[in-house]
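Written out below as structure tokens is the structure these notes cover.
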Amino acid sequence: MNRRRGAIALLLVALAGGARAELLDFSADERARIASHGPWPPPPQGDASNRAQGRPEAVALGRLLFFDARLSADGRVSCASCHQPNLGFQDGRRTALGLGAGSRNTPALPDAALQRWFGWDGAHDSLWAASLRAIVAPAEMGGSAAAVAATVRTDPVLAARYAAVFGAADADGAVLVGVAKALAAWQATLVSPRTAFDDFRDALLRGDLAAAGRYSPAAQRGLKLFIGRGNCSVCHAGPRFSNGEFADIGVPFFIAGGVDAGRYDGIRRLLNSRYNRLGPHNDDPAHDARATGTRHVRLDHRNFGEFKVPGLRQLAATAPYMHDGSLATLADVVRHYSELDEERLHADGERILKPLHLSAAESADLEAFLLSLSAPAGGVQCGGSPSGASGSGAACEATR
Amino acid sequence: MRRLAALGALLPGLALADCPPAAADGRLLQQGPVQLAWSALRAAEPPIVVGEHFSLLVQVCPADVALTRVDATMPEHRHGMNYRPELQALGGGRWRVEGLMFHMAGRWELVFDVAAGSTTTRLADDMLLR
Numbered sequence: 001m002n003r004r005r006g007a008i009a010l011l012l013v014a015l016a017g018g019a020r021a022e023l024l025d026f027s028a029d030e031r032a033r034i035a036s037h038g039p040w041p042p043p044p045q046g047d048a049s050n051r052a053q054g055r056p057e058a059v060a061l062g063r064l065l066f067f068d069a070r071l072s073a074d075g076r077v078s079c080a081s082c083h084q085p086n087l088g089f090q091d092g093r094r095t096a097l098g099l100g101a102g103s104r105n106t107p108a109l110p111d112a113a114l115q116r117w118f119g120w121d122g123a124h125d126s127l128w129a130a131s132l133r134a135i136v137a138p139a140e141m142g143g144s145a146a147a148v149a150a151t152v153r154t155d156p157v158l159a160a161r162y163a164a165v166f167g168a169a170d171a172d173g174a175v176l177v178g179v180a181k182a183l184a185a186w187q188a189t190l191v192s193p194r195t196a197f198d199d200f201r202d203a204l205l206r207g208d209l210a211a212a213g214r215y216s217p218a219a220q221r222g223l224k225l226f227i228g229r230g231n232c233s234v235c236h237a238g239p240r241f242s243n244g245e246f247a248d249i250g251v252p253f254f255i256a257g258g259v260d261a262g263r264y265d266g267i268r269r270l271l272n273s274r275y276n277r278l279g280p281h282n283d284d285p286a287h288d289a290r291a292t293g294t295r296h297v298r299l300d301h302r303n304f305g306e307f308k309v310p311g312l313r314q315l316a317a318t319a320p321y322m323h324d325g326s327l328a329t330l331a332d333v334v335r336h337y338s339e340l341d342e343e344r345l346h347a348d349g350e351r352i353l354k355p356l357h358l359s360a361a362e363s364a365d366l367e368a369f370l371l372s373l374s375a376p377a378g379g380v381q382c383g384g385s386p387s388g389a390s391g392s393g394a395a396c397e398a399t400r
Numbered sequence: 401m402r403r404l405a406a407l408g409a410l411l412p413g414l415a416l417a418d419c420p421p422a423a424a425d426g427r428l429l430q431q432g433p434v435q436l437a438w439s440a441l442r443a444a445e446p447p448i449v450v451g452e453h454f455s456l457l458v459q460v461c462p463a464d465v466a467l468t469r470v471d472a473t474m475p476e477h478r479h480g481m482n483y484r485p486e487l488q489a490l491g492g493g494r495w496r497v498e499g500l501m502f503h504m505a506g507r508w509e510l511v512f513d514v515a516a517g518s519t520t521t522r523l524a525d526d527m528l529l530r
């Protein structure tokens with residue numbers, strides 16, 4: 001396809017020193033769409049269901065626990081085994097490997113506090129419930145409430161820190177929930193850094209055309225595709241580039257021994273869980289606006305084979321892609337949408353999903369835009385350091 | 401009168417009809433003898449944002465008919481919402497509808513079913529969410 005560069009008006013912006021930057025002509029509608037992907041970072045969000053979230057002593061405890069392999073059945077696996085800070089809090093594997101082999105790609109953790117649903121199937125409605133599941137799932141950490149509680153009680157450092165947040169470590173089940181809530185408190189501090197896209201967006205909105213023009217022309221063209229003909233922003237919406245919901249995009253859901261029903265099973269597991277926001281472990285159900293989703297979620301046949309729409313920030317650090325890790329590179333992802341196999345989509349699925357039939361140049365532009373949503377590795381902000389300050393990169397690795 | 405009706409919505413037993421609905425009650429719809437006004441509510445502005453839950457306040461006239469169902473679909477996308485709204489009668493033909501969410505930008509069709517005896521009347525409204 002013709003790239004039609006000549007049809008796109010360019011603003012040539014004079015910069016200091018005589019250099020020129022290229023700024024494509026973005027319509028008012030395009031500017032509004034671009035504005036909807038910010039600002040970044042967003043203000044911190046609390047979680048009424050978790051009384052520990054936002055408390056510095058809980059964040060510090062959660063950070064310790066995150067790197068503690070004693071939470072697993074055989075003492076080999078910690079949260080950080082799969083969510084590795086130096087790999088964007090992912091593991092670089094196609095599918096997760098805990099105590100056993102999983103069938104899904106490990107999700108990255110930055111910006112998790114902004115999510116409504118957790119896991120590719122959204123079987124959990126809070127970060128703490130998702131953390132608890134990982135501790136006790138046989139194929140992940142294989143732990144138990146009794147073993148986790150024993151670890152907390154017998155380690156003087158953990159016991160003191162736990163008591164400072166939750167009080168005495170009494171009933172095993174309550175300690176397991178407390179540990180999960182401390183883990184969530186730390187994970188909620190993980191925030192993706194600002195990117196070249198954010199600088200472009202903000203400059204465009206304030207009318208600083210020179211600054212906006214520093215955004216690469218390829219990324220600008222890719223952005224036009226993303227919010228325009230590609231329809232990508234229909235699902236990859238908002239500052240996180242996700243609407244937080246679920247979709248069937250034609251990625252096969254067959255796994256060894258059966259099928260991965262995705263969201264369909266996720267909703268059933270969510271509603272059957274005593275750790276959801278409607279259950280007894282919600283710390284403030286009367287003020288938990290986020291329980292609305294759990295209260296009203298609807299199970300439909302079309303949910304079969306749907307998986308969560310992932311956020312796109314820092315995606316350069318989190319290959320491979322898709323719920324099953326089946327696409328190795330961003331170029332593969334772009335090709336997937338360009339050559340979308342409509343035969344794989346649900347008969348009652350999303351009608352606007354069509355193959356984009358991108359040219360090689362358009363594919364490169366779209367990939368350039370996607371890459372502009374990532375800052376250099378190690379830029380993720382985290383809290384809970386011994387000094388109490390937030391940090392990034394190596395500062396987010398284990399400390400005790 | 402409207403202030404009294406709003407007070408009635410807050411105080412069960414003091415339900416006052418406020419018919420016909422006015423522009424101040426929200427977007428106005430009419431199908432035969434049934435009139436309806438709806439407005440969206442959310443903790444922050446704007447009231448309807450992609451991927452955020454919101455509620456509706458609905459005034460139905462005549463006030464003795466029942467709002468039985470509220471739902472929304474994206475006709476071009478061939479799907480509806482991922483959430484099932486719940487209806488709460490506030491009295492005087494006023495209803496509160498909880499649990500809606502438009503999870504994509506685009507055209508949404510909002511549907512209200514109103515029952516009077518064995519007759520159901522459907523009122524629909526279109527909106528384009530950006």
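Read top to bottom, the protein sequences are chains A and B. Going by my numbering, the first sequence opens with residue 1, and the numbers climb by one from there. Going by my numbering, the second sequence opens with residue 401, and the numbers climb by one from there. Where a beta carbon is used, it is the ideal one built from N, C-alpha and C, also for glycine. All values derive from a computational prediction rather than experimental measurement.
Where do the N-terminal and C-terminal ends of the alpha helix (DSSP H) with residue i fall, by residue?
i, result
"THR95/A", "Careful: THR95/A lies outside any alpha helix (DSSP H) and carries neither H nor E."
"GLY62/A", "56-66"
"ALA185/A", "172-187"
"ASP29/A", "28-35"
"GLN220/A", "217-227"
"PHE413/A", "There is simply no residue 413/A to check, as chain A begins at 1 and stops at 400 in what is shown."
"LEU158/A", "156-166"
"LEU508/B", "Strictly speaking, residue 508/B in this sequence is Trp, with Leu absent from that position. Here TRP508/B belongs to no alpha helix (DSSP H); instead the beta strand (DSSP E) covers 506-516."
"ARG427/B", "Per DSSP, ARG427/B belongs to no alpha helix (DSSP H); it is in the beta strand (DSSP E), 427-431."
"TRP128/A", "127-136"
"CYS82/A", "79-82"
"LEU209/A", "209-212"
Under 8 Å between beta-carbons, which chain B residues line up against residue i? List them in chain order, please.
i, result
"ALA237/A", "VAL450, GLY451, MET504, ALA505"
"GLY244/A", "GLY451, HIS503"
"ARG302/A", "HIS479"
"VAL234/A", "MET504, ALA505, GLY506"
"ILE255/A", "Simply none; closest approach about 24 Å."
Counting only Cβ pairs nearer than 9 Å, list the residues of chain A close to residue i.
i, result
"GLU486/B", "ARG295, HIS296"
"ARG366/B", "Absent from the model: residue 366/B. The displayed extent of chain B is 401 to 530, so no value can be given."
Taking the beta strand (DSSP E) that residue i falls in, what are its first and last residues?
i, result
"ASP471/B", "466-474"
"LEU487/B", "486-491"
"SER439/B", "434-441"
"LEU500/B", "494-501"
"SER455/B", "453-461"
"ARG522/B", "519-529"
Output, in chain order, the set of chain A residues within a Cβ distance shorter than 8 Å of residue i.
i, result
"ALA463/B", "None at all; the shortest Cβ gap to chain A is about 26 Å."
Less than 8 Å between the CB atoms is what I'm expecting for residue i and residue j, so what's the real figure, rounded?
i, j, result
"PHE34/A", "ARG295/A", "The sequence given here has Ile at residue 34/A, not Phe. Between ARG295/A and ILE34/A the Cβ distance is about 34 Å, and since that is not below 8 Å, they are no contact."
"PHE307/A", "TRP120/A", "5 Å"
"VAL165/A", "ARG55/A", "7 Å"
"THR521/B", "GLN431/B", "5 Å"
"VAL152/A", "ALA159/A", "6 Å"
Give the residues of chain A in contact with residue i, contact being defined as C-beta atoms less than 7 Å apart.
i, result
"GLU445/B", "In chain order: nothing, as chain A lies at least about 15 Å away."
"GLY499/B", "THR292, ARG295, HIS296"
In chain B, which residues lie less than 7 Å from residue i when you measure between Cβ atoms?
i, result
"ARG351/A", "GLU476, HIS477, ARG478"
Please find out if some non-hydrogen atom of the ligand FAD comes closer than 6 Å to the beta-carbon of residue i.
i, result
"PRO85/A", "Because no ligand of any kind appears in the structure shown, any question about the ligand FAD cannot be addressed here."
I want to verify the contact list: residues of chain B whose CB lies under 9 Å from the CB of residue i, in sequence order.
i, result
"ALA289/A", "ALA443, HIS453"
**Asked** What beta strand (DSSP E) runs, 3 residues minimum, are completely inside the stretch 241-302 of chain A?
**Response** none
**Prompt:** Taking three-plus beta-carbon pairs below 8 Å as touching, is the stretch 245-259 of chain A in contact with the stretch 337-351 of chain A?
**Reply:** yes
**Message:** If contact is defined by three or more beta carbon pairs under 8 Å, each pair taking one atom from either stretch, is the stretch 491-504 of chain B in contact with the stretch 235-247 of chain A?
**Reply:** yes
**Asked** Can you find at least 3 beta carbon pairs, one from the stretch 214-226 of chain A and one from the stretch 443-457 of chain B, that sit closer than 8 Å?
**Response** no
**Prompt:** Counting pairs of beta carbons, one from the stretch 69-77 of chain A and one from the stretch 95-104 of chain A, are three or more of them closer than 8 Å?
**Reply:** yes
**Asked** Taking one C-beta from the stretch 301-316 of chain A and one from the stretch 260-272 of chain A each time, how about it: are there three or more such pairs within less than 8 Å?
**Response** yes
**Prompt:** Does the count of Cβ pairs from the stretch 269-276 of chain A and the stretch 113-128 of chain A closer than 8 Å reach three?
**Reply:** yes
**Message:** Runs of 4 residues minimum, wholly inside the stretch 338-388 of chain A: which ones carry the alpha helix (DSSP H) assignment?
**Reply:** 360-371
**Asked** Just checking, does the stretch 107-115 of chain A make contact with the stretch 157-176 of chain A on the three C-beta pairs under 8 Å criterion?
**Response** no
**Prompt:** If you pair each beta-carbon of the stretch 297-304 of chain A with each one of the stretch 503-513 of chain B, do three or more pairs fall below 8 Å?
**Reply:** no
**Request:** Specify whether the stretch 472-490 of chain B and the stretch 430-449 of chain B touch according to this definition: at least 3 beta carbon pairs, one from each stretch, less than 8 Å apart.
**Result:** no
**Asked** When the Cβ atoms of the stretch 29-45 of chain A are set against those of the stretch 195-212 of chain A, are three or more pairs found closer than 8 Å?
**Response** yes
**Prompt:** So, do the stretch 178-185 of chain A and the stretch 58-66 of chain A have three or more beta carbon pairs nearer to each other than 8 Å?
**Reply:** yes
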